[in-house]
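Visitor: Heads up: the sequence shown begins at 4 in this note's numbering, then just goes up one per residue.
By construction, the Cβ of each residue, glycine as well, lies at the ideal position given by its N, Cα and C atoms.
Note that the structure is predicted; figures quoted are calculated from it, not measured.
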Amino acid sequence: MENVIRKDDHLILINRQPEGNYEKGEMQLWESIGSPFVPLIEFSDPATMKKYGVKHDPEVVEIVEVLMKVYWGDPREKLCEAIDSIPLSCIIVGNRGLGKLKRAIMGSVSNYVVNNGSCAVTVVKHHE
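1) Run through DSSP, which three-state label would glycine 28 get?
2) Taking the straight line between their C-alpha atoms, what separation do you get for methionine 4 and aspartate 11?
3) Whole angstroms are fine: how far does the CA of leucine 70 sit from the CA of glycine 101?
4) Please classify cysteine 83: does DSSP put it in a helix, a strand, or coil?
5) Just curious, the alpha helix (DSSP H) that valine 112 is in, first and last residue?
6) Between arginine 99 and the rest of its own chain, which residues show a CB-CB distance below 7 Å, the 5 nearest in sequence each way excluded?
7) Alpha carbon to alpha carbon, how far is valine 73 from tyrosine 115? Give it in angstroms, no decimals.
8) Check the C-beta distance from glycine 76 over to glutamate 34 and give it rounded, since I have them as a contact under 8 Å.
9) Apart from the five residues on each side of it in sequence, which residues of its chain come closer than 8 Å, Cβ to Cβ, to valine 127?
10) Could you please give the first and the last residue of the uninterrupted alpha helix (DSSP H) stretch that includes lysine 53?
11) Cutting at 7 Å between CB atoms, please list the residues of its own chain near isoleucine 86, excluding the five before and the five after it.
12) Determine whether the beta carbon atoms of proline 78 and valine 112 lie at a separation below 7 Å.
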């Protein structure tokens, strides 16, 4: 961990929400720039979880102070925008584990961020 995290570093979770079950007003208000930073502990409140359409993980809240920022829209574009607007020195993205055909049709978010992001990108491989 000493090579990854230093004192006073921040862990920022960036969450891009699909259309779904959350308050539309939040999406319309913050769609272009993402939500304000929200301490992860606030996501233990059911109203906050519904407001942003996310699920709470109590284990994470107990381990580290985490801020979360929610974006709406194309995940490729929003992750690259977040890299520049926050700004981030590195980003870790997941991989959906799509096959070659689906990846060609739908596009790969992680590949787009690796090729277009302005910071170091680590892609975590999908495990079934």
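Guide: Quick look at the numbers:
1) helix
2) The pLDDT assigned to methionine 4 is 48, lower than 50, so where the model puts this residue is not dependable, and the model offers no usable value.
3) The residue you asked about is not glycine; residue 101 is leucine in the sequence shown. Straight-line Cα distance between these residues: approximately 29 Å.
4) helix
5) 112-119
6) His129
7) 19 Å
8) 6 Å
9) Ile95, Val96, Gly97 and Asn98
10) 49-55
11) Ile94, Gly120, Ser121 and Cys122
12) yes
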